[in-house]
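Below is one structure, written out as structure tokens, with a few remarks after it.
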Amino acid sequence: MPGDNAFGELIDEYVVECLPLAERAADALVELERRRRAGTGGEELLGSIEGWLHTVKGNSAMMGLAAIQEAAHVLEDLCAALADQRGPTGEALLALMVEGGGLLVDQVRGAPTGAAPEGSAAWLSRARERAGADHAGNGRGADRRRGERRRGGAESDGANVVRVDFRRLDTLLEVLGEGLIEQAALVEAFRRVSRRTAAVPGMPDLDRAILALEKTMKRLEEIVMATRLLPISTVFGRFPRLLRGVAEGEGKRVRLLMAGGDTALDKAVLDRLGEPLLHLLTNAVVHGIESPAERRRAGKPEEGVLSLAAISRSGRVAIEVADDGRGLDEERIRARAAAMGIEPGAEGADPQGLIFQPGFSTAESVSGLAGRGVGLDVAAAAVRALGGTIAVRSQGGQGSAFLLDLPLTLAIVRSLIVEVDQERYAVPIAQVVATVRADPKALHQINHRGVAVWRGDLIQVTDGGELLGTGSDVEPPGERRGRRFYVVISSGGRRRGILVDRLIGHMDVVVKGLDPALGRPDVVSGTTILGDGRVACILDPVRILEQRVPA
Amino acid sequence: MSRAFLFVDDSPLHHQMYRLIFTRGPLAGNTLYHASNGREGYALLTQHPELTLVFLDLNMPEMNGLELLARRAVEGLHPHVPIVLVTTESAEEDEARARTAGAWDYLRKPFQPSDVERLVARALAQAPGTAA
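From first to last, the protein sequence lines are chains A and B. If you read the first sequence in the numbering used here, its first letter stands for residue 4, the second for the next number, and so on. If you read the second sequence in the numbering used here, its first letter stands for residue 124, the second for the next number, and so on.
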């Protein structure tokens with residue numbers, strides 16, 4: 004146990020250092036297996052794998068983590084043995100190593116609690132036996148080669164990189180947020196004063212100083228945000244290993260292609276992205292990609308292709324999870340939805356949207372991994388909770404593609420500030436497509452729903468006060484006098500107008516979490532503090548668009 | 124009297140471990156220098172002839188332990204400063220090469236604080252001028 008060791012208190016640092024190494028080794032083993040199967044070598048990976056394992060072994064030994072040390076050691080020995088093994092023997096050996104790599108990752112991750120992953124003891128005895136058999140024949144020769152390769156495989160983290168506890172970056176962001184609020188307060192106070200007092204000496208200087216401050220704060224904000232960004236490969240990294248297990252369990256052959264791993268996202272977003280992505284990938288393997296026999300019959304290669312790609316575009320990140328499987332079975336989805344009593348949403352009979360409805364699943368057989376009662380609706384909810392959207396494109400027999408659109412960060416949101424019934428609200432700009440002066444002649448009532456003609460289309464218009472529960476009950480619907488504007492929000496192909504009293508302006512708001520005990524309507528995603536010190540709720544356009552608002 | 128020690132290792136974890144050993148117990152109160160690769164380590168060694176002992180990791184990016192030793196031998200840099208090469212088991216050949224390259228001793232992982240303390244005590248006993 005770490006507690007008995009002289010360095011036991013460094014257990015967190017141990018995990019920080021060793022977990023990425025163990026993951027890299029485990030992923031590279033999966034890649035090696037794939038390349039060997041495809042007959043494209045991959046032997047050059049062995050040197051790096053051994054290097055990582057060696058460091059994990061040494062560090063575990065220092066920490067007195069004997070079980071992890073042993074696992075890394077045996078894996079290292081197997082690497083040496085594998086170099087000379089080909090054919091079925093080599094394949095079996097590599098499969099054993101891939102399994103061991105996954106277990107090693109779990110072991111390192113569980114080191115602080117000392118939890119041993121299921122099956123690790125059994126794996127170790129099998130692997131030891133195997134390594135022993137190879138050692139008899141190979142001995143020092145393999146050991147020596149290993150040393151040579153290791154030196155070649157060492158890699159540099161770069162001399163100018165420092166590690167910082169992420170909590171410090173959170174504090175930095177908090178302080179920045181306070182600075183932004185104070186700056187907004189200063190600007191607002193200055194405007195008030197300058198409106199009342201004409202030409203006081205020094206006013207232009209003050210104006211210039213404020214402008215300069217705004218510029219600097221903007222830069223500071225960009226820099227702070229940049230320090231929080233991590234490449235999405237930190238999330239992608241564990242997928243090959245996990246999916247390999249899923250594919251094996253399903254008896255399918257799947258090749259995972261990944262692109263855009265260097266696309267950067269806020270760590271807070273990344274932390275919550277792994278689960279939904281893994282869900283979509285697992286779903287694609289279980290439901291999308293066909294069995295090798297079925298694929299052969301359909302004239303496709305036996306190995307299915309699953310691709311995961313990320314790309315950043317203007318403050319957002321788009322992620323695509325695509326497979327070349329059978330595509331969505333629209334008939335089955337529709338029938339299943341009817342059987343489950345799920346009503347088609349606002350998008351009408353679009354079966355592709357149905358799969359994101361709560362509780363939806365077409366899985367008939369309960370498979371080991373995808374049959375846990377968790378459907379795509381959960382992945383979709385997780386994506387939406389991040390302020391993102393999810394859509395699906397599918398073609399029968401050709402495959403499906405899930406398209407995710409996510410914000411770079413959850414911390415600062417560029418927003419339109421509006422006023423409804425003397426309360427101010429922030430509407431994230433990302434989902435605002437237009438602000439329109441509410442011409443009473445252009446607003447109509449159809450079936451007790453407010454609608455407006457906007458850019459030639461009929462869109463539903465909801466009263467802001469009604470949406471937020473601030474409107475008076477006295478006014479009959481349709482008689483919303485005084486609301487002078489509506490804001491058109493859009494997400495996932497849906498649009499809606501929200502009637503507001505005033506448009507205040509644009510502002511970068513710092514998101515404060517929402518106390519769940521407050522029990523706000525779920526059209527609000529968080530709060531922020533405005534320049535005048537007032538607290539404002541941040542509206543959640545995605546949730547608003549999902550709501551079927553009563554007349 | 125405060126003494127100076129240099130640690131050359133690419134593993135932040137190991138620097139933390141040295142820091143634990145050298146901030147508590149008998150070794151507390153000394154000056155510590157940290158380098159994350161051989162190149163940085165060599166630069167620090169150049170600047171600090173007063174070092175009591177250097178702990179040098181074998182496997183490192185940008186000049187490994189053996190390369191650092193070799194360069195020091197060629198340039199004749201502060202030959203009086205003893206350097207301990209830190210290795211793992213299964214590296215006997217490297218250890219032999221390290222001796223040839225001018226390492227004063229080696230330390231095998233996993234080591235305990237007491238192993239480090241013993242090495243420091245021995246280095247002090249040998250150091251010129253300590254007896255006075």
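Glycine included, each C-beta is placed from N, C-alpha and C at the ideal position. Values in this document were obtained by computation on a predicted structure and should not be read as measured data.
| Check | Outcome |
| --- | --- |
| Near LEU175 of chain A, which residues of its chain fall below 8 angstroms by C-beta distance, leaving aside the five closest residues on each side in sequence? | VAL227 and THR230 |
| Can you give me the start and stop residues for the beta strand (DSSP E) that HIS203 of chain B sits inside? | Counting along the chain, HIS203 of chain B falls outside any beta strand (DSSP E), and DSSP gives it neither H nor E. |
| For GLY61 of chain A, return the contacting residues in chain B, with the cut-off set at a CB-CB distance below 7 angstroms. | THR211 and LYS232 |
| So, is the C-beta of TYR17 of chain A closer than 8 angstroms to a C-beta in chain B? | yes |
| Which residue comes first and which comes last in the beta strand (DSSP E) that contains LEU242 of chain B? | Counting along the chain, LEU242 of chain B falls outside any beta strand (DSSP E), though it belongs to the alpha helix (DSSP H) covering 236 to 249. |
| In chain B, what lies closer than 8 angstroms to MET65 of chain A by C-beta? | LEU136, HIS137, MET140, LYS232, PRO233 and PHE234 |
| Kindly identify the DSSP beta-bridge partner or partners of ARG427 of chain A. | A:GLU422 |
| Relative to the C-alpha of CYS540 of chain A, which candidate in A:PRO431, A:ILE449, A:ALA445 and A:LEU502 has its C-alpha closest? | A:PRO431 |
| Between which two residues does the beta strand (DSSP E) harbouring GLY400 of chain A extend? | Here GLY400 of chain A belongs to no beta strand (DSSP E), and DSSP marks it neither H nor E. |
| Can you round the beta-carbon distance between GLY468 of chain A and ASP408 of chain A to whole angstroms, since I take them to be within the 8 angstroms contact cut? | Going by Cβ atoms, the distance from GLY468 of chain A to ASP408 of chain A rounds to 30 angstroms, so no, they are not a contact pair. |
| Using a Cβ cut-off of 8 angstroms (strictly closer), state whether LEU108 of chain B contacts chain A. | A query on residue 108 of chain B cannot be resolved here, the shown segment of chain B reaching from 124 to 255 and no further. |
| Quick one: grab the DSSP three-state call for GLY67 of chain A. | coil |
| Just tell me which of A:PRO207, A:LYS221 and A:THR285 has its CA closest to the CA of ARG241 of chain A. | A:THR285 |
| Report the residue from A:LEU419, A:LEU97 and A:GLY113 whose alpha carbon sits nearest the alpha carbon of ARG559 of chain A. | In the structure displayed, chain A extends from 4 to 554; residue 559 of chain A sits before or after that span and is not available. |
| Got a sec? Which residues, its chain only, sit under 6 angstroms from LEU155 of chain B by beta carbon, not counting five neighbours each side? | PHE128 and PHE145 |
| At a CB-CB cut-off below 8 angstroms, which residues of chain B make contact with LEU13 of chain A? | LEU136, GLN139, MET140 and LEU143 |
| Less than 8 angstroms separating the beta-carbons of PRO279 of chain A and ALA134 of chain A? | no |
| Throw me the rounded Cβ distance for the ASP133 of chain B and MET183 of chain B pair, which I believe falls under 8 angstroms. | 5 angstroms |
| If contacts are defined as beta-carbon pairs under 8 angstroms, then GLY328 of chain A and GLY402 of chain A qualify, I think. What distance do you get, rounded to the angstrom? | 5 angstroms |
| Return the bridge partner residues of PRO23 of chain A from the DSSP annotation. | DSSP output for PRO23 of chain A lists no bridge partner at all. |
| For GLY351 of chain A, count neighbouring C-beta atoms within 10 Å of its own C-beta (all shown protein chains included) and say buried if the count is 16 or more, exposed if not. | With a pLDDT of 45 at GLY351 of chain A, under the threshold of 50, the predicted position of this residue should be treated as unreliable, though the coordinate-derived value follows. Burial call: exposed. |
| For GLY400 of chain A, which option in A:SER493, A:ARG300, A:VAL324 and A:ARG487 has the closest C-alpha, if you only look at C-alpha atoms? | A:ARG300 |
| I'd like the span of the beta strand (DSSP E) that includes GLN463 of chain A, first residue to last. | 460 to 466 |
| What did DSSP end up calling LEU309 of chain A once you bin it into helix, strand or coil? | strand |
| Considering only residues of the same chain and omitting the five flanking positions on each side of PRO243 of chain A, which have a CB-CB separation below 7 angstroms? | ASP30, VAL33, GLU34 and LEU259 |
| At what residues does the beta strand (DSSP E) containing LEU174 of chain B begin and finish? | 174 to 180 |
| Just list the residues that DSSP pairs VAL512 of chain A with in beta bridges. | A:VAL416 |
| Does chain B have any CB closer than 8 angstroms to the CB of GLU20 of chain A? | yes |
| Are the stretch 287 to 295 of chain A and the stretch 335 to 343 of chain A in contact at 8 angstroms, needing three or more beta carbon pairs? | no |
| Which residues mark the beginning and the end of the beta strand (DSSP E) in which GLY261 of chain A is found? | Looking at the sequence itself, residue 261 of chain A is Met, so the reference to Gly does not match. Here the beta strand (DSSP E) through MET261 of chain A covers 257 to 262. |
| Relative to the alpha-carbon of VAL101 of chain A, which residue among A:ARG247, A:GLN550 and A:THR237 has its alpha-carbon at the smallest distance? | A:ARG247 |
| On the DSSP letters alone, give me the boundaries of the alpha helix (DSSP H) that ASP109 of chain A sits inside. | 90 to 112 |
| Flag this pair as yes or no: are the beta carbons of LEU97 of chain A and ARG170 of chain A separated by less than 8 angstroms? | no |
| So LEU223 of chain A is in the alpha helix (DSSP H); what residue range does that whole segment cover? | 206 to 231 |
| Determine the contact status of LEU233 of chain A and ALA267 of chain A, defining contact as a CB-CB distance below 8 angstroms. | yes |
| Three or more C-beta pairs closer than 8 angstroms, one from the stretch 69 to 80 of chain A and one from the stretch 40 to 50 of chain A: is that the case here? | no |
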